[in-house]
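S.K.: Below are the structure tokens for one structure; questions will follow.
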Amino acid sequence: MILITGGAGYIGAHVALELMNQGDDVLILDNLCNSYRSTLDRIATLTGRRPGFVLGDVRNRALLDTIFADYPIEAVIHCAGLKAVGESVREPLRYYDTNVGGTVTLCQAMAHAGVFTLLFSSSATVYGDCLTMPIDETCATGQPTNPYGQSKLMAENVMKSMVCSDERWSVGLLRYFNPIGAHRSGLLGEAPTSTPNNLLPYLLQVASGQRAALSVFGRDYETPDGTGVRDYIHVMDLAEGHVKALDALRHQHGVHVWNLGTGMGYSVLEVVRAFEKVSGISVPLVFEGRRAGDIARCWADPEKALSELGWSARRSLERMLADAWRWECHLHEAKAVPLVS
Ligand code: NAD
Ligand code: UFG
């Protein structure tokens, strides 16, 4: 059985679905601070099975000890965390407590229970403002410009030290680039509980009429059209990457870092135009100044994951946007629109 912390959230739920579809049993631990219990019903509808669920906090050591005593957990995928960059600037202690403290507590409970296989939801943010593209795993980690990014880097370093001290560990640090999209059924996707910070969820809310316009943050970057360029990756490709990484960890010890990205960069305007084409909906834009802490460009070299895991992202930007829009339409029962296959 695989324990997924934060498994009711956006990425964890897609990972749970993918693992269950290949026959694994999944137990989700989530305090639902940024997700909904109904996600469990959606996973059950799509897989025909219900994941196990414990409502609780990953920082609660006593609860973790009970979970490891009660369930035959072989490995943990640690997605639980806080992820809003702006909020992390306002409430840094909450971010360090959850993202670093939660990781330490989880690792302590795992070691106590004799479970040494761990996949961690890290982020390309640990590279900071890297000058050369694409970014491979040998690029030095940078100086993340906000407490969220710092907390991811600190958590990575905690796990690296831990692995150095005890060779029984098999740890995978998965550095996600920009996950977007949804399950192609339109029944599972990202469901923000408050105003979205990220490009795609905000754009979807504009397209579905919940918000007036999309702010484009900065049009004077050194990029082809002046707007920020990112490596957007379909959440189902990301989920498949977790399954492959977990398989690899079963056969090797130590700490392993893998970028999960496509290797392709798209600007904000390219994403907007591709979305308009896919959905047939025009997205009103307001050009604003640069967002504090943003970098101009960021895309992965995904070669290491290909050679070591046999994984590469295969879904196109159009597919990511079509699936995301199908999910948004489902969420708001908006009128169906033609979608690419
Ligand atoms: P999400 O907010 O949808 O999911 C996180 C889940 O963790 C939520 O269900 C939340 O309720 C739960 N959670 C938070 N604190 C918890 C706690 N103390 N105890 C138990 N559960 C807790 O976010 P996501 O997009 O699915 O991200 C998952 C992980 O991937 C996070 O660690 C995030 O930092 C990381 N990440 C996300 C992105 C992205 O763009 N979405 C990019 C890079 C890394
Ligand atoms: N952007 C806008 N308008 C918006 C939101 C974003 O123009 O309303 C722009 C940003 O300026 C940036 C691009 O869209 O150029 C992508 O921004 P996101 O907020 O969607 O994503 P980030 O690249 O800033 O960060 C995301 C996650 C981080 C993660 C990182 C990894 O939020 O948690 O990807 O690359 F670490």
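Each residue of the sequence shown is one higher than the one before, counting from 0 in numbering that gives the first Met the number 0. Ideal placement from N, C-alpha and C gives every residue a C-beta, glycine not left out. Keep in mind it's a predicted model, so treat the numbers as computed, not measured.
Where in the stretch 126-170 do unbroken runs of the alpha helix (DSSP H), each at least 4 residues long, occur, reported from the N-terminal end onward?
M.R.: Those alpha helix (DSSP H) runs which fall completely within the stretch 126-170 and span 4+ residues are 146-164.
S.K.: Would you kindly work out how many angstroms separate the C-alpha atoms of Glu332 and Gly180, rounded to a whole number?
M.R.: For the purposes of this step, residue 332 is taken as residue 333 along the sequence shown, with counting starting at 1. For the purposes of this step, residue 180 is taken as residue 181 along the sequence shown, with counting starting at 1. Approximately 18 Å, taken between the alpha carbons.
S.K.: What ranges does the beta strand (DSSP E) occupy inside the stretch 56-101, keeping only unbroken runs of at least 3 residues that lie completely in it?
M.R.: Within the stretch 56-101, the complete beta strand (DSSP E) runs of at least 3 residues are 74-77.
S.K.: Could you check if Gln149 is buried or exposed, using at least 16 other CB atoms within 10 Å of its CB as the buried criterion?
M.R.: Your numbering for residue 149 matches position 150 in the sequence shown. When all chains shown are included, Gln149 counts as buried.
S.K.: Within 8 Å, do at least three Cβ pairs link the stretch 183-197 to the stretch 256-276?
M.R.: Because the criterion of three Cβ pairs below 8 Å is not met, the stretch 256-276 and the stretch 183-197 do not touch.
S.K.: Return helix, strand or coil for Arg48, following the three-state DSSP convention.
M.R.: Against the sequence shown, residue 48 aligns to sequence position 49. DSSP places Arg48 in coil when its eight states are reduced to three.
S.K.: Between the alpha carbons of Ala335 and Glu275, how many angstroms are there, rounded?
M.R.: Translated into positions along the sequence shown, residue 335 becomes position 336. Translated into positions along the sequence shown, residue 275 becomes position 276. Since pLDDT at Ala335 reaches only 45, below the 50 mark, its modelled position is unreliable, and no value is offered.
S.K.: Under 8 Å: does the beta carbon of Gly180 sit that close to some heavy atom of the ligand UFG?
M.R.: Walking along the sequence shown from the start, residue 180 turns up at place 181. No - the ligand UFG has no heavy atom lying nearer than 8 Å to the Cβ of Gly180.
S.K.: Mind the definition here: the stretch 230-240 touches the stretch 298-315 only if three or more C-beta pairs lie below 8 Å; say whether that holds.
M.R.: Segments in contact, yes.
S.K.: Using alpha carbons as the reference points, say which of Pro143, Phe176, His255, Gly127 lies closest to Ser160.
M.R.: Taking the first residue of the sequence shown as position 1, residue 160 is located at position 161. Nearest C-alpha to Ser160: His255.
S.K.: Applying the 10 Å Cβ sphere with the 16-neighbour rule, what's the burial state of Asn33?
M.R.: Taking the sequence shown and counting its residues from 1, the one referred to as residue 33 is at position 34. Buried is the call here.
S.K.: Using alpha carbons as the reference points, say which of Arg60, Gly225, Thr116, Pro191 lies closest to Leu105.
M.R.: Position 106 of the sequence shown, counting from 1, holds the residue named residue 105. When each option's Cα is compared against that of Leu105, the closest is Arg60.
S.K.: Contact defined as beta carbons within less than 8 Å: I believe Asp56 pairs with Arg183. What is the distance between those atoms, to the nearest angstrom?
M.R.: Taking the sequence shown and counting its residues from 1, one reaches residue 56 at position 57. Taking the sequence shown and counting its residues from 1, one reaches residue 183 at position 184. No, Asp56 and Arg183 are not in contact; Cβ-Cβ is about 32 Å, not under 8 Å.
S.K.: Helix, strand or coil for Cys328? Go by DSSP, reduced to three states.
M.R.: As a first step, residue 328 is located in the sequence shown; it is residue number 329 there, counting from the start. Helix.
S.K.: How big is the Cα-Cα spacing for Ser306 and Val99?
M.R.: For the purposes of this step, residue 306 is taken as the residue at position 307 of the sequence shown. For the purposes of this step, residue 99 is taken as the residue at position 100 of the sequence shown. Looking at the two C-alpha atoms, the distance is approximately 30 Å.
S.K.: Specify the secondary structure class of Val114 as computed by DSSP and reduced to three states.
M.R.: Here residue 114 corresponds to residue number 115 of the sequence shown, with the count starting at 1. Three-state result, Val114: coil.
S.K.: In the DSSP assignment, find the unbroken beta strand (DSSP E) run with Pro178 in it and report its ends.
M.R.: Along the sequence shown, read from residue 1 onward, the residue named residue 178 stands at position 179. Element bounds for Pro178: 177-179.
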